[in-house]
Amino acid sequence: MVEITAPRVEGTVTVASGRHYGFAEFGPAHGRPIVWMHGTPGARRQIPESARLAAAELGLRIVGIDRAGVGASSAYLHAGLLEASAEIGEVAEQLGLDRFAMIGLSGGGPYVLASCYLFPDRVAVGGILGGMAPISGPDRAEGGVMNRMSGFAPLVARLRMPLSIALTAGLWTLRPVASQAFDLYARLYDDGDR
1 MVEITAPRVE
11 GTVTVASGRH
21 YGFAEFGPAH
31 GRPIVWMHGT
41 PGARRQIPES
51 ARLAAAELGL
61 RIVGIDRAGV
71 GASSAYLHAG
81 LLEASAEIGE
91 VAEQLGLDRF
101 AMIGLSGGGP
111 YVLASCYLFP
121 DRVAVGGILG
131 GMAPISGPDR
141 AEGGVMNRMS
151 GFAPLVARLR
161 MPLSIALTAG
171 LWTLRPVASQ
181 AFDLYARLYD
191 DGDR
């Protein structure tokens, strides 16, 4: 079995809207703060083991925050990234993070960019890991699978709820073998990809 460093603290906070957000912290409580926005799919603990260990060694307080509808966070469809990121800012404030860095993995990247825009005096630096080019609008990347799939966007929008329910049910049925699947995954990859 692969050993994974547990969070130093884990819980939820409630923002002004009454919605809850899950969080998990790694590294020392008074370390230099970094807010980690997970990928899609993912959750607050989607922080590589090497980063968890580095947090303790380098004095970094890494705070993973569940996005809306993920993990311990309330389900809610925000009007856009700015509204969602405003609530992430509230979470950071409640956790005592006045000025912090942000990292966004894949689908977490847009939340980092929106937070940098909303909170220029609070977000010292933002980094995107495995970000994606725009798939629509004037800046969209030409070609590729995502560009070809964008034609399905209206259909996916109409079927969002049934697809969400089906995916959730499918994942719940796999839960009994999740640990074994993760262990198999970890054995198949090099140390840098674990």
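For the sequence shown, the working numbering begins at 1 and goes up steadily by one.
Every residue, glycine too, gets a C-beta built ideally from N, C-alpha and C.
Taking the alpha carbon of residue i as the reference point, which residue from the options has its own alpha carbon closest?
i, options, result
"V35", "R19, H20, G80, G108", "G108"
"I103", "L95, V112, M161, P33", "V112"
"P110", "L159, G170, I88, V177", "I88"
"P76", "V15, V125, E142, V123", "Here the sequence assigns Tyr to residue 76, which means Pro is not the residue at that position. The shortest C-alpha separation from Y76 is found at V15."
"A127", "D139, G143, L105", "Looking at the sequence provided, one finds Gly at residue 127 rather than Ala. Out of D139, G143, L105, L105 has the C-alpha closest to the C-alpha of G127."
"V9", "A86, R52, S17, E3", "R52"
"G18", "P120, S74, L163, P162", "S74"
"L58", "G42, T168, P33", "P33"
"G151", "M161, P176, G137", "G137"
"G42", "V177, L171, D183", "L171"
"L95", "R158, P48, G11", "G11"
With the cut-off set at 8 Å, would you say residue i and residue j are in Cβ contact?
i, j, result
"A55", "L81", "no"
"L60", "G39", "no"
"G64", "R44", "yes"
"A24", "P7", "yes"
"G22", "D66", "yes"
"V13", "V91", "yes"
"L118", "A79", "no"
"A72", "H20", "yes"
"G167", "V156", "Reading off the sequence, residue 167 comes out as Leu, not Gly. Contact: no."
For residue i, list the residues DSSP reports as bridge partners.
i, result
"Y117", "BP columns for Y117 are empty, so no partner."
"R61", "P33"
"G126", "M102"
For residue i, report the span of its beta strand (DSSP E) as first-last.
i, result
"V13", "9–14"
"Y21", "20–26"
"L105", "100–105"
Alpha helix (DSSP H) containing residue i: first to last residue?
i, result
"M132", "Where M132 is concerned, there is no enclosing alpha helix (DSSP H), given that its DSSP letter is neither H nor E."
"Y185", "178–188"
"E90", "81–94"
"S73", "S73 -> no alpha helix (DSSP H), and no H or E assigned at all."
"I165", "160–174"
Could you tell me how far apart the beta carbons of residue i and residue j are, in whole angstroms, since I believe they sit closer than 8 Å?
i, j, result
"I62", "F100", "Not quite, the Cβ-Cβ distance comes to about 10 Å (not below 8 Å), so this is no contact."
With a threshold of 7 Å (Cβ to nearest heavy atom), would residue i be considered close to the ligand GTP?
i, result
"G42", "In the structure shown, the ligand GTP is absent, as is every other ligand, since no ligand is present at all."
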